[in-house]
Amino acid sequence: QLGSGNNQLLFSTPGQKIMLGPVSLTAGIGSNSIGIASQAGGTIAGALTIKLGDGANDLSLTNVTVTGPRISFTSGDGRDTVSATGLGGTAALAIVSGLGDAAVQVTDSTLGAVTVSAEQPTVSVTGSTLASAKVAGQFDTSLTLARSKVTGGVSASATATGGDVTVLMQSYSLGGDLAATTTGGGSAVRITLDAAGGAATSTGNLLARATGQDSSVTLTASSAVTFATAKTLTLQSSGSGGEVRAILNGSLQAK
0 QLGSGNNQLL
10 FSTPGQKIML
20 GPVSLTAGIG
30 SNSIGIASQA
40 GGTIAGALTI
50 KLGDGANDLS
60 LTNVTVTGPR
70 ISFTSGDGRD
80 TVSATGLGGT
90 AALAIVSGLG
100 DAAVQVTDST
110 LGAVTVSAEQ
120 PTVSVTGSTL
130 ASAKVAGQFD
140 TSLTLARSKV
150 TGGVSASATA
160 TGGDVTVLMQ
170 SYSLGGDLAA
180 TTTGGGSAVR
190 ITLDAAGGAA
200 TSTGNLLARA
210 TGQDSSVTLT
220 ASSAVTFATA
230 KTLTLQSSGS
240 GGEVRAILNG
250 SLQAK
């Protein structure tokens with residue numbers, strides 16, 4: 000229990016594997032920097048739960064396998080940064096951030112479902128395997144998936160007026176649906192699919208939808224991208240003044 004104020008807490012085992020039981024960390028209002036760093040093969044035997052108050056909060060996790068069902072990070076208002084590198088196991092990563100930006104980076108990790116909820120989230124996943132990914136924001140929402148595999152679906156959404164959703168998929172394998180949606184007026188949905196020198200395959204449906212007035216949907220497939228031929232590609236901008244663009248610079252197969 001760190002209390003209020005600006006706090007720093009680091010669990011580190013240079014040259015050794017860290018081994019912890021269940022971890023629960025709490026803090027009040029203030030800026031907090033929390034890190035758990037191990038050599039490859041570290042473990043947290045149980046759940047990892049972090050609850051922080053308002054302020055600029057930073058969490059870094061390196062080379063640990065969480066055997067519990069969940070890695071939970073909850074914070075109040077303020078800019079939050081979460082970095083996960085070399086995580087193992089099947090624990091779900093659940094991030095709930097208050098008002099402000101939330102930047103989440105997952106690199107070379109294996110996780111269960113990844114869910115991020117924030118006022119303005121930016122999520123980047125590189126070289127990782129996930130069960131699913133869901134990013135929900137009010138204003139601009141961004142999701143990048145590079146050299147990664149998702150066995151289930153991927154979704155990104157924004158709800159506020161002018162809240163855009165940007166999804167970039169590079170050299171990926173997707174086993175479920177891909178959905179990007181906005182509901183506020185004057186918003187844009189932008190999806191870019193790119194093999195980027197590798198495979199870019201999906202066995203689910205693709206949905207890009209903007210329902211607010213004067214909103215737009217843009218799908219760009221910049222190299223060979225393949226969807227299961229029995230699935231559906233749906234682009235919708237149903238509000239007045241809506242616009243749909245499809246820029247297909249490759250072979251995109253869909254129903």
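Residue numbers for the sequence shown, in this note's numbering: 0 to 254.
C-beta atoms are modelled at their ideal positions from N, C-alpha and C, and glycine is treated no differently.
**Asked** Cβ atoms of A155 and V134: under 7 Å apart, would you say?
**Response** For the 7 Å CB-CB criterion, V134 and A155 form a contact.
**Message:** For L247 and A117, what's the separation of their Cα atoms in angstroms?
**Reply:** Straight-line Cα distance between these residues: approximately 32 Å.
**Message:** Let's test the definition: count the other Cβ atoms within 10 Å of the Cβ of G77 and tell me whether it reaches 16, buried, or not, exposed.
**Reply:** With 16 or more neighbouring CB atoms inside 10 Å of its own CB, G77 falls in the buried class.
**Item:** C-beta atoms of N31 and L47 nearer than 7 Å
**Value:** No, the pair does not count as a contact, with Cβ atoms beyond the cut-off.
**Close-in-space but distant-in-sequence residues of the same chain around S127 (CB under 6 Å, 5 per side omitted)** = The residues are V105, S108 and S147.
**Request:** Quick one: give me the first and last residue of the beta strand (DSSP E) that G238 is part of.
**Result:** Counting along the chain, G238 falls outside any beta strand (DSSP E), and DSSP gives it neither H nor E.
**Asked** Would you report the Cα separation of A195 and S237, rounded to the nearest angstrom?
**Response** Computed Cα separation, rounded: 32 Å.
**Prompt:** For R208, does the count of other Cβ atoms within 10 angstroms reach 16, so buried, or fall short, so exposed?
**Reply:** Result: buried.
**Request:** Just tell me which of P13, D57 and S37 has its CA closest to the CA of L24.
**Result:** Nearest to L24 by alpha-carbon distance, out of P13, D57 and S37, is D57.
**Request:** Can you check DSSP and say which residues form a bridge with I94?
**Result:** F72 and V115.
**Message:** Since G20 and A44 should fall inside the 8 Å C-beta cutoff, what is the C-beta to C-beta distance between them, to a whole number of angstroms?
**Reply:** Contact flag correct, Cβ pair sits at about 5 Å.
**Request:** Measure the C-alpha to C-alpha separation of I33 and P13 and round it to an integer number of angstroms.
**Result:** Rounded to the nearest angstrom, the two C-alpha atoms are 16 Å apart.
**Prompt:** Would P68 be called buried (16 or more neighbouring beta carbons within 10 Å of its own) or exposed?
**Reply:** It counts as exposed.
**Whole alpha helix (DSSP H) elements within the stretch 8-32, 4-residue minimum** = Runs of the alpha helix (DSSP H) inside the stretch 8-32: none found.
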